[in-house]
Amino acid sequence: PDNSQQQVPPQPAGTQTQSQQTAQGPAPTAQPYQQADQTQQQAQTPPEEPNPTVEATKKYAGSYWRYLVDSIKHPATVTRPYHQYFGLTSLAITIVSLALTIALMTGSAVSSLPGAIASNVLMTFLKLVFLVAVLMIAVVAVYYLVVNGMLGDRRRSFLTFTTEYAFHCNWMVFFSVFTLLMQMLGMINIGSIFLIWLLLSLGSGLFVISGTYMLFTAQSTNRFDKIYAYLIVGILLVIVFLIIMTFGLSSI
148 PDNSQQQVPP QPAGTQTQSQ QTAQGPAPTA QPYQQADQTQ QQAQTPPEEP NPTVEATKKY
208 AGSYWRYLVD SIKHPATVTR PYHQYFGLTS LAITIVSLAL TIALMTGSAV SSLPGAIASN
268 VLMTFLKLVF LVAVLMIAVV AVYYLVVNGM LGDRRRSFLT FTTEYAFHCN WMVFFSVFTL
328 LMQMLGMINI GSIFLIWLLL SLGSGLFVIS GTYMLFTAQS TNRFDKIYAY LIVGILLVIV
388 FLIIMTFGLS SI
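Take a look at the structure:
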């Protein structure tokens, strides 16, 4: 036999020679690295930040709800400070709820009128709502001027005073919203008119009582008698009411 031709020993099953491995190329190790890269990028991606306006609105609504609950539990006692705009919020909810209730009640009647007349009725209604809003703010302002100026109780700004004023009569918010829900559900009929009148009367009465309560619980820093201050409030309210009604109704 020719010794120059050596026999290659047989390879075990499943074993590849170096040349075969070189021909096939390196082992596929790129895919795990790509997956690790993607995982790292996902981990480095910052979470989506919440909308600050939405978060602030949620916080305001939650605080306002606690303000309402506190005022219902103990309407005569303000135990801690609240946001200065909570009072205006209560007044706005009350006015808008009552306005929508009246609008829904008169909607069917207005819809049957000609277009021009229906438009005039709507404008008149909006003016009346504006007058009621001005009147409510004017009542609070009169009490604030007397408590702050004549009695010398200067602990609160006007907005803070309004918030405490509404705190004592926040039942009117629930009364007005309840009336609106009854109207939207079609539950207002002849039998429920008395209930609505009762709720509105209670809400109006609470609004008036709140001013009187704040006047007589004010921390007076002078010797001006609170009975005389109350009489002056009554006179000023009559004057304000006449002015608003005179100029307001004349513009309707």
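Each number in my numbering corresponds to the 1-based position in the sequence shown with 147 added.
Even glycine gets a Cβ: it sits at the ideal position worked out from N, Cα and C.
As the structure is a computational prediction, the values presented were derived from the model and not from experiment.
Going by alpha carbons, who is nearest to residue i out of the options?
i	options	result
Phe354	Val201, Thr271, Lys205, Val279	Val279
Leu235	Met361, Met283, Leu292	Met283
Val286	Thr368, Gly296, Ser357, Ala246	Ser357
Phe305	Leu292, Gly299, Ser210	Leu292
Gly367	Glu195, Gly296, Leu342, Thr326	In the sequence as displayed, the identity of residue 367 is Ser instead of Gly. Cα-wise, what sits closest to Ser367 is Gly296.
Leu298	Gly209, Tyr375, Gly395, Ala208	Tyr375
Tyr252	Asn336, Phe341, Ile379	Note that residue 252 corresponds to Met in the displayed sequence, not to Tyr. The residue with the shortest Cα to Cα distance from Met252 is Asn336.
Phe371	Leu342, Thr309, Asp300, Met329	Asp300
Val243	Lys274, Val225, His230	Lys274
Ile219	Trp318, Tyr232, Gly209, Gln231	Trp318
Pro222	Ala208, Ser210, Thr310	Thr310
What residue range is occupied by the uninterrupted alpha helix (DSSP H) comprising residue i?
i	result
Asp217	199-220
Phe322	318-331
Phe308	305-314
Could you tell me whether the Cβ atoms of residue i and residue j are closer together than 8 Å?
i	j	result
Ala365	Val294	yes
Val201	Val289	no
Ile391	Val281	yes
Leu384	Lys373	no
Tyr377	Thr393	no
Leu346	Thr326	yes
If you draw a straight line from the alpha carbon of residue i to that of residue j, how long is it in whole angstroms?
i	j	result
Thr204	Thr248	26 Å
Ala239	Pro228	20 Å
Pro197	Phe272	40 Å
Ser237	Glu195	34 Å
Met334	Arg303	42 Å
Leu269	Ala246	11 Å
Val380	Pro199	43 Å
Lys206	Ala250	31 Å
Ser210	Phe308	18 Å
Gln330	Thr241	15 Å
Thr226	Phe233	15 Å
Ile340	Asn369	47 Å
Leu328	Ala208	20 Å
Thr224	Leu342	28 Å
Leu389	Gly395	10 Å
The stretch 313-324 / the stretch 212-228 touching (three or more Cβ pairs under 8 Å): Counting Cβ pairs under 8 Å, three or more are found: they touch.
Inter-stretch contact at 8 Å, needing at least 3 Cβ pairs: the stretch 341-358 / the stretch 316-325: Flag = yes, the stretch 341-358 and the stretch 316-325 touch.
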